Amino acid sequence: MSLDDVILLTGRTIDQGVALEGGKTTMENVRAAAICAFDSDDFKKLDTLVGTPVKIITEYGEVIVHSTISEEGPHPGIIFIPMGPWANQVVNPDSQSCGTPTFKGMKAKVEVVKSGKVLNALDLINTLKEA
Amino acid sequence: MAEIKLKLKKPLVFPLEAESITPDNFAGKSNDEIKKLVAYSGNEESTLGQFFNVSGKSGEKDELKIIIDGDISNVKRIGEKMTAGEIIINSDVGMHVGNEMSGGKITVNGNADDWAGAMMKGGELEINGDAGNYVGAAYRGYWKGMKNGIIKVKGKVGVESMLWADGSVPAKRFPTLICGSAGSFLGIHNNGGTIIVEGDIDRCAGADQIKGMIVVKGTAPKILPSFKKIGEVKEIELLNGEKITGKFIEYAGDHSVKKNHSVVDKKTGELNKGVNGRLYIAA
Amino acid sequence: MAIKKIKTLYDVICPFCGTLCDDVEVDIAENKVVEVRNACQIGTKKFFSSNPSEHRYETPMIRKKGKLEPASWEEAIDKAADILTKAKRPLLYGFSSTECEAQSKGVELAEMLGGILDNTASVCHGPSLLAKQDVGQPGSTLGEFKNRADLVIFWGSNPVHAHPRHLGRYSEFVRGYFRKDGRNDRTIVVVDPRNTHTAQIADLYIQVKPNEDYELLNAIRALLRGVELDVEEVSGVPMDQIKELVNTLKTCNFGVIFFGMGLTQSLSHHRNIDAAICLTRELNDHTKFLITPMRGHYNVAGANQVFSWNTGYAYSIDFSKGYPRYNPGEFSAVEVLIKNQIDASLIVASDPASNFPAASARNLFKYPLIVIDPHETPTSANADIVLPAAIAGIEAEGTAYRMDNVPLRLRKVKDAPGESISDKEILEKLIEKVKEKRGE
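Residue numbers (the working numbering), protein chains in the order written: chain Y, 1 to 131; chain E, 1001 to 1283; chain S, 2001 to 2440.
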């Protein structure tokens, strides 16, 4: 199942803030930041269980994260990934020459993944190094 | 006519800052003297001769034509502050080409990076490809941008082109941009600039425009809510008196600007559409 | 069980976010943090993270045969200085999570090297600084807002998550001199595409479409000037609701807009702020109104201050010609990395590998990478040299600037573990070594 036309936002969450202070390379950080929060009605369209890994695809890249239901809804048509290395695989690096990349408001697609897993921060960054 | 040819020797590792490439600097110099002009690569001060082969013969600056070959897409500031003569670039070119130029002509037979013709004071900049963001714009923190001259871009210009353009009808200064299509925030904070777009534009054209004209011969996705539709026109008279014919819808704005002359008349409650900026979109 | 001797420190400043809470109490026993009071969840965690752990560097590390191995300070500094002096276009980035004294040394080093100097403002509130340069900024200190504001607008910011104690200390629940009844004396408005936890406790929530804040600000400004608009809705917000907001804005006694990444990191970046500042300026025709950015890192405001008083510019500075030049988009860290225009980098108290978009983070690893950081991060784990730092504000004292540009003195509450020394001392060592290598 998939969602074809959603807008991706990224930003700070308190869990992600706590996790990164506790250690950026920990599993706690994966649990806090390698997630994608869905509007509950949008999530029903995916027809899957909460926590199932999903692949987020934008023009700029793709990343696999755990799915979750947003506490800050309803926001139909919008998905949210906390700031961090996972979100940064799919954000728009273009700054329109002002220096600050466009971290928010990318068009995105979501697919429920059959295989593939959520990487931890170090492994994720290593994929960048190898590419 | 005197002519100097520059050819890039080898591909560049870092951007090269070559503000010394202007007819003003080359005028009356021998080729050896030109080779000794300063250029900067990384944190090293270097010379043009290190990067370019120089041939031809120099002369008076008004008569001088500089032709540049080789991939110079990473060479910045060519033609900075030039006052006369001509530069022809047969390649893509780096940032700040022709910035603050006040006379002469630059032709780019390729694409230009950001800040092409930034804060121009006169002369002509012709780009036969696309241009980056901030074409003819004011530099960061300046409230007065392009004062005069003309920029022609065959392809697309990026975002915030003609930022803070600063024209004046009484002083006969008409900063002008003619382009194929344009990114968002075209002519933002426009204060007397003329912009003619042959094709389409993106969102927020003429944001915070106080005076000036934006003519779009293609389509606009959305017009800012603060623009008021005036009506349909068959002919537009530009600020410099030239005319454009065709069916256009005329909008006045930006009405969100305090400094604007678009005050609301206290007696009639009517909006004074008389003096402020204009946006024309093809009907 | 032996009773540990506990030392309690009062009025400690929390070095996490720009709110810079100055009422934290920390209990220390045997050079370990055992209890933290008054701080938020994140701040508390930061104090505890200073305790020894597997993520903490205690000696300098150098990459040998592909693996980071412990090394002496002498060797690590020598190697780092070697990399930096040989580089033709080094990037010095970070500086927002350290004290002003270290930032100042960073500027000195960047100038010596003729490098590119940038701080994390370039990925967060850089656009706010750009807009400020274009149109100014009517702001004030947080105490004014606390005591006077009866209308508080959070636009594209979510303090419940990002600045957890801001609401309690300055903007929402706190009792002020003229706002004796705290929350009941204030109207809270939130503008955001998501119904955030901040929005859920607001009086008026305006759900704006992502990337369309500019149009909404534009419409509000026009309505404020008495211009009737020809449209029924703007950016997904019905005209009735916009008119209600305009009326709220005009009729308050003292209003403030706190804005965050929602404006600076979405499309139109600094133009959103430009419009928000112009709106604030124009609202002063009707009532008193101010605007303040919600700065993220606790000392990013300080980095802007220190860079400004040393070079004239707040961020994205290029020293390659020997004097400072400034142009975000040309010299900002993300752009020079995307365009592959550097040949070495020194990262101070930051984690660009995690925080930069993939297209720029990937180029960071192509060149020698030196990291000054207390903890293991995806950046430091891939570094060639890691220099272990004491955590500023916990293990080293110094100055930090709050989000409203008020300087506060950071305290030292415990000693740094192992051979860690402060960022300032590390940068001083580097400067000395670079001078030595150049025969100065």
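Glycine included, each C-beta is placed from N, C-alpha and C at the ideal position.
All values reported here derive from a predicted model rather than from experimental measurement.
- Contact annotation: F1051 (chain E) and Q2341 (chain S) have beta-carbon atoms that are not nearer than 8 Å.
- Look at D1114 (chain E): its C-beta is under 8 Å from a C-beta on chain S.
- When C-alpha distances from I64 (chain Y) are compared across Y:V54, Y:S70, Y:E72, the shortest belongs to Y:V54.
- Annotated as distal: H2270 (chain S) and T25 (chain Y), with beta-carbon spacing of 8 Å or more.
- Look at D2274 (chain S) here: in three-state DSSP terms it is helix.
- The beta carbon of Y1142 (chain E) does not come within 8 Å of any beta carbon belonging to chain Y, so the residue lies off that interface.
- Annotation: V2160 (chain S) to A2202 (chain S) spans about 12 Å, alpha carbon to alpha carbon.
- Listed along chain S are P2193, R2194, N2195, each with a C-beta nearer than 7 Å to that of H75 (chain Y).
- Taking 8 Å as the cut-off between beta carbons, the residues of the stretch 2350-2361 of chain S near chain Y are D2351, A2353, S2354, N2355, F2356, P2357, A2358, A2359, S2360, A2361, in sequence order.
- Counting C-beta pairs closer than 8 Å gives three or more between the stretch 2350-2366 of chain S and the stretch 86-101 of chain Y, which meets the contact rule.
- Under the criterion of beta carbons closer than 8 Å, L2217 (chain S) and T2187 (chain S) do not qualify as touching, at roughly 19 Å.
- Ranking S:A2081, S:H2166, S:G2143, S:E2232 by CA distance to the CA of A2039 (chain S) puts S:H2166 first.
- 8 Å or more divides the Cβ of S2320 (chain S) from the Cβ of R2148 (chain S).
- In the assembly as shown, R2409 (chain S) is an exposed residue. Its beta-carbon has fewer than 16 other beta-carbons within 10 Å.
- Between V1097 (chain E) and I1106 (chain E), the C-beta gap is smaller than 8 Å, which places the two residues in contact.
- When DSSP reads this structure, S2350 (chain S) sits in no beta bridge, so it has no partner.
- When 8 Å is used as the limit between beta carbons, N1133 (chain E) is near these residues of chain Y: Q96, S97, in chain order.
- Rounded to the nearest angstrom, the gap between the Cα atoms of D2423 (chain S) and T2098 (chain S) is 7 Å.
- Here V2189 (chain S) is buried, its C-beta having at least 16 other C-beta atoms within 10 Å.
- Selection S:L2267, S:S2268, S:N2284, S:I2291 evaluated against I2277 (chain S) yields S:I2291 as nearest (Cα-Cα).
- Our two residues, A121 (chain Y) and G2018 (chain S), have alpha carbons roughly 26 Å apart in a direct line.
- For A108 (chain Y), no alpha helix (DSSP H) run applies; the uninterrupted beta strand (DSSP E) run containing it begins and ends at 106-112, by DSSP.
- Bridge partners of H2375 (chain S) according to DSSP: S:R2056.
- According to DSSP, A1282 (chain E) shares a beta bridge with E:F1248.
- The DSSP assignment places complete beta strand (DSSP E) segments of no fewer than 3 residues inside the stretch 2243-2271 of chain S at 2254-2259, in order along the chain.
- For chain S, the residues of the stretch 10-22 of chain Y that bring a beta carbon within less than 9 Å of one of its beta carbons are T10, G11, R12, T13, I14, D15, Q16, G17, V18, A19, L20, E21, G22, in chain order.
- In this structure, G1132 (chain E) lies near D1114 (chain E), with their beta-carbon atoms less than 8 Å apart.
- In the DSSP annotation of this structure, the continuous segment of the alpha helix (DSSP H) that includes M2112 (chain S) starts and ends at 2100-2113.
- Residue pairing by DSSP places Q2207 (chain S) opposite S:D2192 in a beta bridge.
- With contact defined as three or more Cβ pairs closer than 8 Å, the stretch 2232-2248 of chain S and the stretch 1175-1185 of chain E are not in contact.
- Annotation for H66 (chain Y): the continuous beta strand (DSSP E) segment containing it runs 61-69.
- By the CB criterion at 8 Å, R2225 (chain S) and P2138 (chain S) fall outside the cutoff.
- Contacts with chain E at 8 Å (Cβ-Cβ) do not include D2213 (chain S).
- Inter-residue distance for Y2298 (chain S) and K107 (chain Y) is about 32 Å (C-alpha atoms, whole angstroms).
- Counting along the chain, P53 (chain Y) sits inside the beta strand (DSSP E) bounded by residues 53-58.
- When C-beta distances to chain S are compared with 9 Å, the residues of the stretch 1080-1105 of chain E below that value are M1095, H1096, in chain order.
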